[in-house]
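Asks:
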Ligand code: ARG
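In the working numbering, the protein residues as written are -3 to 577.
(1) Relative to the C-alpha of residue 210, which candidate in 365, 171, 261 has its C-alpha closest?
(2) Roughly how many angstroms lie between the CA atoms of residue 342 and residue 291, to the nearest whole one?
(3) In chain order, what residues of the same chain lie with their CB nearer than 6 Å to the CB of residue 423, ignoring the 5 residues before and after it?
(4) Closest to residue 307 by CA distance: which of 282, 313, 296 is it?
(5) Where do the N-terminal and C-terminal ends of the alpha helix (DSSP H) with residue 225 fall, by residue?
(6) Beta carbon of residue 150: closer than 7 Å to some heavy atom of the ligand ARG?
(7) Who are the near neighbours of residue 299 in its chain, counting only those whose CB is closer than 8 Å to its CB and skipping five residues on each side?
(8) Identify the residues that DSSP records as bridge partners of residue 154: which are they?
(9) Can you list, in chain order, the residues of its chain whose CB lies under 7 Å from that of residue 23, leaving out five sequence neighbours each side?
(10) Going by DSSP, what residue range makes up the alpha helix (DSSP H) through residue 470?
(11) Counting only the same chain and skipping the five closest in sequence on each side, list residues whose C-beta sits under 6 Å from that of residue 496.
(12) Does residue 123 come out as helix, strand or coil in the three-state DSSP assignment?
(13) Do the stretch 149 to 165 and the stretch 102 to 112 touch if we need at least three Cβ pairs shorter than 8 Å?
(14) In three-state DSSP terms, what is residue 13?
(15) Round the Cβ separation of residue 503 and residue 561 to the nearest angstrom and send it over; I've been treating them as touching at under 8 Å.
(16) Would you mind reading off the limits of the beta strand (DSSP E) that contains residue 336?
(17) Rounded to the nearest angstrom, what separates residue 222 and residue 240 at their Cα positions?
(18) Any heavy atom of the ligand ARG closer than 7 Å to the Cβ of residue 252?
(19) Assuming residue 160 contacts residue 217 under a Cβ cut-off of 8 Å, what Cβ separation, rounded to an integer in Å, is found between them?
(20) Do residue 373 and residue 380 have their C-beta atoms closer together than 8 Å?
(21) Which residue wins for smallest C-alpha separation from residue 238, given the options 370, 32, 122?
(22) Let me confirm a value: residue 406 is counted as buried when at least 16 other C-beta atoms fall within 10 Å, else exposed. Which label applies?
(23) Would you say residue 336 and residue 367 are within 8 Å of each other, going by their C-beta atoms?
(24) Heavy atom of the ligand ARG less than 7 Å from the Cβ of residue 337, yes or no?
(25) Which residues share a DSSP beta bridge with residue 262?
(26) For residue 128, which three-state DSSP category applies?
(27) If you draw a straight line from the alpha carbon of residue 63 to that of residue 258, how long is it in whole angstroms?
(28) Tell me residue 366's beta-bridge partners as DSSP assigns them.
(29) If you measure from the CB of residue 122, is any heavy atom of the ligand ARG nearer than 7 Å?
(30) Got a sec: does the ligand ARG put a non-hydrogen atom nearer than 7 Å to the Cβ of residue 320?
(31) Would you identify the three-state DSSP class for residue 555, choosing helix, strand or coil?
(32) Looking at the ligand ARG, does it come within less than 7 Å of residue 366, judged from the CB to the closest heavy atom?
(33) Would you decide whether residue 60 is buried or exposed? Buried here means 16 or more other CB atoms lie within 10 Å of its CB.
(34) Report all residues from its chain with a CB closer than 7 Å to the CB of residue 387; omit the five preceding and five following residues, and keep chain order.
(35) I'd like to know whether the C-beta of residue 165 is nearer than 8 Å to at least one C-beta of chain B.
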């Protein structure tokens, strides 16, 4: 059974063809859930755009579509409003039927995409010998949600952690390792990577002999000197195991095999530059080799250059990105490549995409998308920092999230035994942290606020998890097994029951829209509305003390659908539910 949005879309498309002819086949009728029940359950907004094309009045176009529309058994109210909106009210019998079917469907109406594709998602991508900071948190959390959503629709998702493990800074890091007597094989010298990096940098700036050794070390590293490579490997391994611990704690999908670091492309870089030459795109500029992406000009209106090879022969971040993109398309077979990277790299990404296009390496059908995001801000609306002004370490942030959630839980429910509370707090705290990130429109900066993200009311993970917990406790209290009732007929007599039913049918459409827009906040908004509607329903419609057994069973089915929708939705966000809190 197709999702309701799809049924409405198909019926409208048929009506448009009937009314205006086959040349309008496949027009998107712009079916959207209505913001207010006053306007029905759904709206079709196609008439305005179509009227422009047809040079007709939008209301007349809407009228002709409605006259040709066959929505028997689906809608029992069709109204034209305002400039030409078509407001649709679902038929009671359709809703009852659809909810009944949903209850027996383990996948909640979510159907695999008809055209599954191979998608590469580049996310997290922290840098070796530097701690992961809050900027990487956003990439990790958003990217992971995107992988889960695309995966649940049956796309072949390939995760790529484009680890920053190469560059001239490794010369000084390796020299520092030697200076600190690494020969003994001590790993603790680099366990605090951030301070190790700082020490190396300080030494590099203060000690000319050290700086010179560092520069030679870069040459040794690049030419593959064995001892140097082994030391470099150590730095990479220590960092990687540190990142992996954070991924585990965050509950993200990234595994060591998803790491394909910058250095993996080293051997492709000269070939990439040659291929640019072969495509007629390589130019010389002051001794460096550059490419001019079409459409990019600087303030003086001069074409902007992307350097791919420096005068000294060294390659750059952009060269690696070009090589990586080719690998992703040609070897991994991606027809959609998604880069989850902060907004400051927007121009870099746009230029890389343009070069891939003008070289003919990325065909038009291949989607290249920069999933950009804004910064995390402190309460002073400045970039998020510690009180002392340093960058905030992710591990400390996770510890604090769990600890603060623990205090909230202790206040809310003192009956939970101490031992269980810690596990629940970890789940709720980290869930709250992730949810705060995912629920705001990603392109905007957002203000990091512990109290808000941990609040039991509002668009927060605790609020959603609590709605799930409440439903599960109703079942426990009433001794009901909802799965045994999944095939019971449902009754939708109260307005709150009806509203809940309409929302429950929307989950598949919302997931599709996240897969298209790569905007996780749409799923959060939906889940929040669903939970709020559940609370209204719960106040107005007694479940265990319903008027009749049939009504009770029907309400149990609705509750169970809400619980399953919340758990599924949260899981797609990478957040786990708990059974009590
Ligand atoms: N390591 C980079 C950074 O921390 C992010 C890499 C993103 N991915 C890419 N293909 N450029 O800024």
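By construction, the Cβ of each residue, glycine as well, lies at the ideal position given by its N, Cα and C atoms.
None of the values given here were measured: they were computed from a predicted structure.
Replies: Quick look at the numbers:
(1) Mapped onto the chain shown, residue 210 falls at position 214. The residue with the shortest Cα to Cα distance from residue 210 is 171.
(2) For the purposes of this step, residue 342 is taken as the residue at position 346 of the chain shown. For the purposes of this step, residue 291 is taken as the residue at position 295 of the chain shown. Straight-line Cα distance between these residues: approximately 15 Å.
(3) For the purposes of this step, residue 423 is identified with residue 427 of the chain shown, where counting begins at 1. Same-chain partners within the cutoff: 572, 574.
(4) For the purposes of this step, residue 307 is taken as residue 311 along the chain shown, with counting starting at 1. If we check each option's Cα against that of residue 307, 282 comes out closest.
(5) The residue you call residue 225 lines up with position 229 of the chain shown. Residues 222 to 246.
(6) If you number the chain shown from 1, residue 150 lands on position 154. Result no, Cβ not under 7 Å from the ligand ARG.
(7) Walking along the chain shown from the start, residue 299 turns up at place 303. Once the five neighbours on either side are set aside, the close Cβ partners of residue 299 are 288, 292, 293.
(8) Within the chain shown, numbered from 1, the residue matching residue 154 stands at position 158. Residue 154 is bridged to 116.
(9) In the chain shown, the residue the question calls residue 23 occupies position 27. Excluding residues within five positions, the ones whose Cβ falls inside 7 Å are 9, 12, 42, 46.
(10) For the purposes of this step, residue 470 is identified with residue 474 of the chain shown, where counting begins at 1. Looking at the DSSP string, the run of the alpha helix (DSSP H) that includes residue 470 is 457 to 474.
(11) As a working mapping, residue 496 is identified with position 500 in the chain shown. Around residue 496: 529, 533, 554.
(12) Here the question's residue 123 lines up with position 127 in the chain shown. Strand, per DSSP.
(13) yes
(14) For this step, residue 13 is matched to residue 17 along the chain shown. Three-state result, residue 13: helix.
(15) The count along the chain shown starts at 1 and reaches residue 503 at position 507. The count along the chain shown starts at 1 and reaches residue 561 at position 565. About 5 Å separates the two Cβ atoms, so the contact holds.
(16) Here residue 336 corresponds to residue number 340 of the chain shown, with the count starting at 1. That run of the beta strand (DSSP E) goes 332 to 338.
(17) Against the chain shown, residue 222 aligns to sequence position 226. Against the chain shown, residue 240 aligns to sequence position 244. Rounded to whole angstroms, residue 222 to residue 240 spans 26 Å at the Cα level.
(18) Numbered from 1 along the chain shown, position 256 holds the residue referred to as residue 252. No, the beta carbon of residue 252 sits no closer than 7 Å to any heavy atom of the ligand ARG.
(19) On the chain shown, position 164 is the one that residue 160 refers to. On the chain shown, position 221 is the one that residue 217 refers to. About 15 Å separates the two Cβ atoms, so there is no contact after all.
(20) As a first step, residue 373 must be located in the chain shown, where it is residue number 377. As a first step, residue 380 must be located in the chain shown, where it is residue number 384. For residue 373 and residue 380, yes; Cβs fall inside 8 Å.
(21) As a position in the chain shown, residue 238 is number 242, starting the count at 1. Nearest C-alpha to residue 238: 122.
(22) Counted from its first residue, the chain shown places residue 406 at position 410. Residue 406 should be labelled exposed.
(23) Walking along the chain shown from the start, residue 336 turns up at place 340. Walking along the chain shown from the start, residue 367 turns up at place 371. In this structure, residue 367 lies closer than 8 Å to residue 336 by Cβ.
(24) Walking along the chain shown from the start, residue 337 turns up at place 341. Residue 337 Cβ: within cutoff of the ligand ARG.
(25) Along the chain shown, one-based indexing puts residue 262 at 266. Answer by DSSP bridge pairing: none, since residue 262 is not bridged.
(26) Position 132 of the chain shown holds residue 128. Coil, per DSSP.
(27) The sequence position of residue 63 within the chain shown is 67, counting from 1. The sequence position of residue 258 within the chain shown is 262, counting from 1. The straight-line gap from Cα to Cα measures roughly 59 Å.
(28) Residue numbering aside, residue 366 sits at position 370 when the chain shown is read from its first letter. Paired residue(s): 335.
(29) If you number the chain shown from 1, residue 122 lands on position 126. Flag set: Cβ of residue 122 near the ligand ARG.
(30) As a working note, residue 320 is residue 324 in the chain shown. Checking the Cβ of residue 320 against the ligand ARG gives yes.
(31) Locating residue 555 in the chain shown gives position 559, counting from the first residue. In this structure, residue 555 counts as helix in the three-state DSSP scheme.
(32) Working through the chain shown from its first residue, we reach residue 366 at position 370. No, the ligand ARG has no heavy atom inside 7 Å of this Cβ.
(33) Residue 60 sits at position 64 when you count from the first residue of the chain shown. Under this definition residue 60 is a buried residue.
(34) Mapped onto the chain shown, residue 387 falls at position 391. If we look at residue 387 and ignore the five residues flanking it on each side, its Cβ neighbours are 129, 381.
(35) Annotation note: the requested chain B is absent from the structure, which comprises a single protein chain.
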